[in-house]
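Q:
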Amino acid sequence: MKPIVKVEGLGKKYRIGAQQTSHPTLRESLAEMIRAPISRIRRAKFPSTKRETIWALRDVSFEVYPGEVIGIIGRNGAGKSTLLKILSRITHPTVGHADIYGRIGSLLEVGSGFHPELTGKENIYLNGAVLGMARREINSKFEEIVAFAEIEKFLDTPVKHYSSGMYMRLAFAVAAHLDPEILIMDEVLAVGDVSFQNKCLRKINDVASQGRTILFVSHNMHAVASLCQSVIWLDGGAIKSIGNAKEQVAKYTAAALQVRPVNSDPQGFDSPASVQNVRMIDANGEEKDSFDLFEPMAVELNVVQRSLTKPVRLVIRLRSAIDDSVVLATTDWDYGTSAQFLEACTYTIRCAIPCNFLNSGTYLVSVGIDEPNGPVHFRLDSAKEFTVVNTSPLGPGLYGSRDGVLSPYREWKVTSVQSLESRSTKQ
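Position in the sequence shown (first residue = 1) + 1301 = our numbering.
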């Protein structure tokens, strides 16, 4: 299959402090004419010794195929918006090229693509004409766009008088309903109330189900994981990684939270007992870092007993990379008594986690040894990190993907109350 978007060696360099080219108004041009002599004298008296440049994008390459929904994530300044502007033909790359094989609809920032002096109605037709659509095609979509944007009363008002929320509602409605082959969206969920954001998410799902290609930038990681199949993670203008959406979101979230390295800063290695070799294993006892939602797993570790004289308990705490504590397991709760560990030796402990229990995401394992209502002998936070991935072929439904950090198995029971046939007989 031929890619619909092909990016090769893309780079964009900016000169810091350089004035960007624009289309100035008459007032701005007159003001610049007055400032020009003063600016020339200042530059002659204080010449710039260094013109600093910065690469907003560097050596970016990837391919997108028809019907794919691709998320683009990264911190502020990572190059996400610059990449989308190049793909939308708003700016040109310094090096490399981006080949687009299809009609593009872009929603990059509030008001982009709109002429402020034109009314909402006129801007709908203007955007359709830019996409190469005939007037009859726009007419067939017009009522849907207006109803979705919820701006019927302001349709004949110049958009310069719109609030940011009205701007974004109309811009999203136009971009999503005018049927481009490629839909590019940058932070469309940053403006508007929760109700409209949910409305946008449902529409994006509808667009994706029609087989159109979507490039979606957002800081809403739940939306990215729910909507997208794959994710491009940008960092410092370069691609850090590309892969499965949920896995990439989990890794990005963990990095954003600045999780401490594995086995860092342990407390109590010289105590009477300590924990070593924390690992995650599958049903076959093989160590893994990634598990399917539908497979069982276990935390396995070693307890080294040196000089304990009293019974203690082992504590295992699971924490989501997004939320706080998920599960707190202790040997005294599960066994009804404290573990003995009284013989000086190394014990292997295994705590089973059933399938269909943890939802997809990244989790951190912390461990400790203490005496109930007594002193803490050992503690190690973020001892192990692992990922749970949902590989179910079932896509998002009425409420999108499963929310929350737990996804336990539920037993359903369906009972037939009265068949239609017996009901019609009684009537």
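All C-beta atoms, glycine included, are put in the ideal place defined by N, C-alpha and C.
Just so you know, these numbers come straight off a predicted model, no measurement behind them.
Report the rounded CA-to-CA distance for Lys1461 versus Pro1417, giving the unit in angstroms.
A: Roughly 5 Å between the two C-alpha positions.
Q: Starting from Cys1652, follow its DSSP beta bridges and name the residues at the other end.
A: Bridge partners of Cys1652: Val1600.
Q: Below 8 Å, can you find three or more Cβ-Cβ pairs linking the stretch 1385-1400 to the stretch 1495-1503?
A: The stretch 1385-1400 is not in contact with the stretch 1495-1503.
Q: Given a cut-off of 8 Å on the beta-carbon distance, is the pair Arg1452 and Gly1421 in contact?
A: Reading off the sequence shown, one finds Ile at residue 1452, where the question assumed Arg. Yes; because the gap between Cβ atoms is below 8 Å, this pair is in contact.
Q: Give me the residue from Leu1665, Ser1683, Thr1688 and Asn1657 with the minimum Cα distance to Tyr1710.
A: Minimum Cα distance to Tyr1710 is reached at Asn1657.
Q: Mind checking which residues open and close the beta strand (DSSP E) that includes Gly1537?
A: It is not in any beta strand (DSSP E) - Gly1537 carries neither H nor E in the DSSP assignment.
Q: Output the distance between the C-alpha atoms of Ile1405 and Thr1688, rounded to the nearest integer angstrom.
A: Whole-angstrom Cα-Cα distance: 35 Å.
Q: In the DSSP assignment, find the alpha helix (DSSP H) that holds Phe1300 and state where it starts and stops.
A: In this structure the chain extends from 1302 to 1728, so residue 1300 is not present and cannot be described.
Q: Let's see if you can read the secondary structure: which residues bound the alpha helix (DSSP H) around Tyr1366?
A: Note, Tyr1366: premise wrong, no alpha helix (DSSP H); not H, not E.
Q: Please state whether the Cβ-Cβ distance between Asp1536 and Ser1382 is less than 8 Å.
A: No, the pair does not count as a contact, with Cβ atoms beyond the cut-off.
Q: Using a threshold of 8 Å, state whether the C-beta atoms of Gly1372 and Phe1517 are closer than that.
A: Yes. Within cutoff.
Q: Using 8 Å as the Cβ pair cut-off and three pairs as the minimum, do the stretch 1434-1446 and the stretch 1462-1470 touch?
A: Judged by Cβ distances under 8 Å, the stretch 1434-1446 makes no contact with the stretch 1462-1470, as fewer than three pairs qualify.
Q: Excluding the 5 residues preceding and the 5 following Val1677 in the sequence, name in chain order all residues of the same chain whose CB lies nearer than 6 Å to its CB.
A: Excluding residues within five positions, the ones whose Cβ falls inside 6 Å are Asp1671.
Q: Nearest CA to the CA of Gly1380: which residue from Pro1612, Gly1538 and Val1576?
A: Of Pro1612, Gly1538 and Val1576, the residue nearest in Cα terms is Gly1538.
Q: Can you have a look at Ser1708 and say buried or exposed, based on whether 16 or more other CB atoms are within 10 angstroms of its CB?
A: Classification for Ser1708: buried.
Q: When you compare each of Tyr1648, Ser1608 and Thr1663 to Val1627 by their alpha carbons, which one comes out closest?
A: Here the closest residue by C-alpha is Thr1663.
Q: Excluding sequence positions up to five away, which residues of its chain have a Cβ less than 7 Å from the Cβ of Glu1360?
A: Note that residue 1360 is Asp in the sequence shown here, rather than Glu. Around Asp1360: Gly1310, Gly1312 and Ala1539.
Q: Could you pull out every residue in the same chain whose Cβ sits closer than 6 Å to the Cβ of Gln1549, ignoring the five residues on either side in sequence?
A: Same-chain partners within the cutoff: Val1532 and Trp1534.
Q: Taking just the CA atoms, how far does His1523 sit from Thr1554?
A: Cα to Cα, the separation comes out at about 10 Å.
Q: Can you tell me whether His1523 is helix, strand or coil according to DSSP?
A: In the structure shown, His1523 sits in a helix (DSSP, three-state: H, G or I).
Q: At which residues does the alpha helix (DSSP H) containing Ile1485 begin and terminate?
A: Premise fails: Ile1485 lies in the beta strand (DSSP E), Ile1483 to Asp1487, not in any alpha helix (DSSP H).
Q: Take Glu1445 and list the residues in its own chain whose beta-carbon comes closer than 6 Å to its own, dropping the five residues that flank it on each side.
A: For Glu1445, where only same-chain residues beyond five positions count, the Cβ hits under 6 Å are His1478.
Q: Under a three-way DSSP split, which group does Asn1564 fall into?
A: Legend: pLDDT at Asn1564 = 41, less than 50; position of this residue unreliable, no value from coordinates given.
Q: Considering Phe1449, what are the terminal residues of the beta strand (DSSP E) in which it resides?
A: Per DSSP, Phe1449 belongs to no beta strand (DSSP E); it is in the alpha helix (DSSP H), Arg1436 to Ala1450.
Q: Looking only at its chain, what residues have a beta carbon closer than 7 Å to the beta carbon of Ile1304, apart from the 5 residues adjacent to it on each side?
A: Looking at the sequence shown, residue 1304 is not Ile but Pro. Within the same chain, Pro1304 has close Cβ partners Glu1364, Val1365 and Tyr1366.
Q: Span of the beta strand (DSSP E) holding Val1689?
A: Counting along the chain, the beta strand (DSSP E) containing Val1689 begins and ends at Val1677 to Val1690.
Q: Under the rule that 16 or more other beta-carbon atoms within 10 Å means buried, what is Gln1511, buried or exposed?
A: Answer is exposed; the Cβ neighbour count stays below 16.
Q: In this structure, does DSSP put Val1718 in helix, strand or coil?
A: Looking at Val1718 - three-state DSSP - the assignment turns out to be coil, as it is neither helix nor strand.
Q: If distances are taken between C-alpha atoms only, which option among Pro1459, Ala1476 and Phe1415 comes closest to Phe1443?
A: Comparing Cα-Cα distances from Phe1443 to each of Pro1459, Ala1476 and Phe1415, the minimum goes to Ala1476.
Q: Check whether the Cβ atoms of Val1605 and Ala1574 sit closer than 8 Å, and answer yes or no.
A: In contact: Val1605 and Ala1574 (Cβ atoms closer than 8 Å).
Q: Sort out for me which residues DSSP pairs Glu1309 with in a bridge.
A: Bridge partners of Glu1309: His1398.
Q: Output needed for Asn1691: all residues of its chain with C-beta closer than 7 Å, excluding positions within five of it in sequence on either side, in chain order.
A: Once the five neighbours on either side are set aside, the close Cβ partners of Asn1691 are Lys1547, Leu1594 and Ser1661.
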